[in-house]
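Student: For reference, the structure I am asking about is given below.
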Amino acid sequence: MKNVVMTLALAVTPLAAQWINHPTPGIPRTKDGKVNLSAPTPRTRDGKPDLSGTWSAPGFSTKYLENLAADGVEVPMLPWAAALYKERLADAGKDRPSTRCLPHSVTDFDAHHMPKKVLQTSGEIAMLFESYHSFREIFIDGRELPKDLDPAWFGYSVGKWEGDTLVVNTVGINANTWLDDGGHPHTDALHVTERFRRPDFGHIEVQLTIDDPKAYSKPWTVKIPWEFLPDTELLDWVCENEKDAQHLVSK
Amino acid sequence: MKAAVLAILSLALTDPVRAQWLNYPTPGIPRTADGKPNLAAPTPRTADGKPDLTGVWNRISPKYDANITADLKPGDIPPWAQALVEKRKEDLGKDHMAAHCLPFGPEYSTAQRYVKIVQTPTLIVMLDEDLTYRQIFLDGRPLESDPQPAWMGYSVGHWDGDTLVVDSAGFNDKTWLDTQGHPHSEALHTTERYRRTDLGHLEMETTIQDPKVYAKPFTVAISSLLAPDTELLEAVCNENNKDLDHWVGRASDDEKSEVKVPRETLAKYAGTYVEQPKLWRTVARTIVITAEGDALFGDLDGRGKTRIRATSASNFVGIQGGVEFVVKDPKTAPTDLFVKHVSGNYRFARTK
Chain H
84 MKNVVMTLAL AVTPLAAQWI NHPTPGIPRT KDGKVNLSAP TPRTRDGKPD
134 LSGTWSAPGF STKYLENLAA DGVEVPMLPW AAALYKERLA DAGKDRPSTR
184 CLPHSVTDFD AHHMPKKVLQ TSGEIAMLFE SYHSFREIFI DGRELPKDLD
234 PAWFGYSVGK WEGDTLVVNT VGINANTWLD DGGHPHTDAL HVTERFRRPD
284 FGHIEVQLTI DDPKAYSKPW TVKIPWEFLP DTELLDWVCE NEKDAQHLVS
334 K
Chain X
808 MKAAVLAILS LALTDPVRAQ WLNYPTPGIP RTADGKPNLA APTPRTADGK
858 PDLTGVWNRI SPKYDANITA DLKPGDIPPW AQALVEKRKE DLGKDHMAAH
908 CLPFGPEYST AQRYVKIVQT PTLIVMLDED LTYRQIFLDG RPLESDPQPA
958 WMGYSVGHWD GDTLVVDSAG FNDKTWLDTQ GHPHSEALHT TERYRRTDLG
1008 HLEMETTIQD PKVYAKPFTV AISSLLAPDT ELLEAVCNEN NKDLDHWVGR
1058 ASDDEKSEVK VPRETLAKYA GTYVEQPKLW RTVARTIVIT AEGDALFGDL
1108 DGRGKTRIRA TSASNFVGIQ GGVEFVVKDP KTAPTDLFVK HVSGNYRFAR
1158 TK
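Residue numbers (my numbering), protein chains in the order written: chain H, 84 to 334; chain X, 808 to 1159.
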């Protein structure tokens, strides 16, 4: 199994890239030229925290991508969800959408170890993901979530500021996506609440609440850390061989 | 013919899902008294006084989307490249990036697609409905001299007065410049010049330099219209990419089934036909029919003359799902033709 997964991973490894040692302009640095991760939170013209920057999981750890509840949070799965999760773990994730070059979604990209770039304007936040070269939009222009939803891979996201915390509500995520690579399932009733806080220059804390009464007996919450990634750029990562999934066998 | 219809069908299958916020009023844009966006309002500007290109844009590019070299002379394209284009046409475009769910690379800036531009002082991103993005750095960094080829290349921009100038290089050579299949090499360098002339209009000129393919640089000009009160729709290609199994046949299959039509009949078909009504399109489509001896040609929106072949005295294949001339009196020229498509027949009226 491991060998097959390794092969798959190699097939989609990005090319060696450019600008990977380009010093990020305008970021606070210590005397030795390194990024000062504990410098104050940057702010926009209107005084809100600015979440912009390039981020990754600390040490590129895949811990939360593999299991959102890796810290031991209780996940109150309904019996069908528990059975499906068990099956997905036993299958080594062979039916995971990403093995067929389909996008990750909100919670698994929050947990993803690979770099992501956040671009914040007054009206929206765009998140660019290195993996799968895809993106997600969060509207912060005051609009409400739509009522009549057509499910989409990234759902529909709106955010608003509560003090220095950006609270993002997402609904309409199509039920083909998995909450994490382990395979925590969800239904079309999923409502994700993300609370983003940038307590200093170098860190973002994402608090995720999963509310899906058709799959979980009550909402559950996890915390995921992001760390600022200086002096580099997203690589050109394209899922070029969606035929790999046919060769991904297990058990 | 069948294959061509299947090819069109396949493209239709990758249409984006019906989405939300399709009629959500874009906040903060100037409106006329009746509440419609005032597309002629002045160009919006950022806090630092630069034109703000932010918005969802509908790129109007029926000609260059199909044939980026539409304005070149035959001698401007080397024989090997022309032969490659012919082969790609013969294969009904089955190796186009779209058929394999791969990024369009440089074609993102000239293809007839929606693009969302999000602008900050140091970075502009262009978002495509297929969920790929492009980054343009405005932080003063130069392009690297020997970049590792990448699908989206590398782009840097700067302001020349009110014009955003974007230089890009470092593309891999796996992408095509248009749907006909005009090739490029890794030496491709593009220079795009964007000007938002008012709220509703974005003008772009791009110069394509690729000395390994095209002897001299050439420039195409493409306009985009603001698409207010809507958002990008999500179109995930791999979701339904079973199309290739059905992508069979060759363009030349049409030759084998060709029916002989008298020259004098073909000559009557020649003329310029304009779509009536223009439907949802911003610019009505035009097809120019020319007859040369025993051969009939059609040129849809200036994409280039394409041989069309008769399956009956009035039905021809080779463009879209086919062209049918409406012959009421065989002695006179037809007043209309239909361009066929899986979504129906589209009427074009003769204007000359």
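C-beta atoms are modelled at their ideal positions from N, C-alpha and C, and glycine is treated no differently.
(1) Could you check where the alpha helix (DSSP H) with X/TRP887 kicks off and where it finishes?
(2) Express the C-alpha separation of H/TYR215 and H/TRP320 in angstroms, rounding to a whole number.
(3) Given X/GLY1100, which residues of its chain have a CB within under 8 Å of its CB, disregarding the five upstream and five downstream residues?
(4) Taking all protein chains shown into account, do 16 or more other C-beta atoms lie within 10 angstroms of the C-beta of H/LEU202, making it buried, or fewer, making it exposed?
(5) Quick check on the DSSP output: what are the complete beta strand (DSSP E) runs of length 3 or more inside the stretch 194 to 237 of chain H, in order along the chain?
(6) When the Cα atoms are used, what is the spatial distance from X/ALA1091 to H/HIS267?
(7) Three or more C-beta pairs under 8 Å: does that hold for the stretch 973 to 986 of chain X against the stretch 894 to 913 of chain X?
(8) Between the alpha carbons of X/PRO886 and X/ASP878, how many angstroms are there, rounded?
(9) Would you list, in chain order, the members of the stretch 917 to 929 of chain X that have their beta-carbon closer than 9 Å to a beta-carbon of chain H?
(10) Given H/VAL332, which residues of its chain have a CB within under 6 Å of its CB, disregarding the five upstream and five downstream residues?
(11) How long is the line joining the alpha carbons of X/LEU829 and X/ASP1036, rounded to whole angstroms?
(12) Let me make sure I understand the geometry here. Which of X/ASP872, X/VAL1133 and X/PHE911 has the alpha-carbon closest to that of X/ILE1029?
(13) Buried or exposed, going by whether 16 or more other CB atoms sit within 10 Å of the CB of X/ASP1108?
(14) Could you give the distance in angstroms between the alpha-carbon of H/HIS105 and the alpha-carbon of H/GLY246?
(15) Any Cβ of chain X within less than 8 Å of the Cβ of H/HIS286?
(16) For X/GLU1046, go through chain H and note every residue whose CB falls closer than 7 Å to its CB, in chain order.
(17) Which residues in chain H sit within 9 Å of X/ARG948, going by Cβ to Cβ distance?
(18) By the 10 Å Cβ neighbour count, where 16 or more other Cβ atoms means buried, how is H/PRO162 classified, buried or exposed?
(19) Do we get a CB-CB distance below 8 Å when we pair H/ASP319 with the residues of chain X?
(20) Report all residues from its chain with a CB closer than 6 Å to the CB of X/GLU993; omit the five preceding and five following residues, and keep chain order.
(21) Do we get a CB-CB distance below 8 Å when we pair H/HIS269 with the residues of chain X?
(22) Could you check what DSSP says for H/LEU91 in three-state terms: helix, strand or coil?
(23) Between X/ASP967 and the rest of its own chain, which residues show a CB-CB distance below 8 Å, the 5 nearest in sequence each way excluded?
(24) Which residues in the same chain have their Cβ closer than 6 Å to the Cβ of X/HIS996, if we skip the five residues on either side of it in sequence?
(25) For X/ASN1122, which residues from the same chain have a beta carbon less than 7 Å from its beta carbon, with the 5 sequence-adjacent residues on both sides left out?
(26) List the residues of chain X whose Cβ lies closer than 7 Å to the Cβ of H/HIS195, in chain order.
(27) Just the Cα atoms here: how many angstroms apart are H/TRP244 and X/LEU945?
(28) In the stretch 113 to 138 of chain H, which residues sit with their C-beta less than 7 Å from some C-beta in chain X, listed in chain order?
Tutor: Per the coordinate set shown:
(1) 886 to 897 is the span of the alpha helix (DSSP H), which, as asked, contains X/TRP887.
(2) Spanning the two alpha carbons is a distance of roughly 6 Å.
(3) Cβ within range, chain order: ARG1070.
(4) When all chains shown are included, H/LEU202 counts as buried.
(5) Qualifying beta strand (DSSP E) stretches, in chain order: 199 to 203, 207 to 212 and 218 to 222.
(6) Roughly 50 Å separates the two Cα atoms.
(7) A contact is defined here as three or more CB-CB pairs under 8 Å, and the stretch 973 to 986 of chain X meets this definition with respect to the stretch 894 to 913 of chain X.
(8) Straight through space, the alpha carbons of X/ASP878 and X/PRO886 are spaced by roughly 17 Å.
(9) Taking 9 Å as the cut-off between beta carbons, the residues of the stretch 917 to 929 of chain X near chain H are LYS923, VAL925, GLN926, THR927 and THR929, in sequence order.
(10) Here the model assigns H/VAL332 a pLDDT of 42, short of 50, so the residue's position is not dependable, and the following value carries that caveat. Hits under 6 Å: none found.
(11) Each residue's Cα considered, the two are about 7 Å apart.
(12) Residue X/ASP872 is the option with its Cα nearest to X/ILE1029.
(13) Under a 10 Å Cβ-count criterion, X/ASP1108 is classified as buried, with 16 or more other Cβ atoms of the shown protein chains found around its own Cβ.
(14) Between the C-alpha atoms of H/HIS105 and H/GLY246 there is a straight-line separation of about 34 Å.
(15) No, no contact with chain X.
(16) For X/GLU1046, the residues of chain H that pass the 7 Å Cβ criterion are LEU185, in the order they occur in the chain.
(17) Simply TRP102, HIS105 and PRO108.
(18) The residue in question, H/PRO162, is exposed, as its Cβ has fewer than 16 Cβ neighbours within 10 Å.
(19) Look at H/ASP319: its C-beta is under 8 Å from a C-beta on chain X.
(20) So the list reads PRO956 and ASP980, once near-sequence residues are dropped.
(21) Residue-level contact check: H/HIS269 does not touch chain X, since none of the beta carbons of chain X fall below 8 Å from its beta carbon.
(22) With a pLDDT of 40 at H/LEU91, under the threshold of 50, the predicted position of this residue should be treated as unreliable, and no value is reported.
(23) Taken in chain order, the residues that qualify are ARG1000.
(24) For X/HIS996, where only same-chain residues beyond five positions count, the Cβ hits under 6 Å are ALA976 and GLN1016.
(25) Taken in chain order, the residues that qualify are GLY1129 and GLU1131.
(26) Ordered by position in chain X, no residue passes the 7 Å Cβ test against H/HIS195, which lies about 15 Å from the chain.
(27) About 28 Å.
(28) Residues ARG128.
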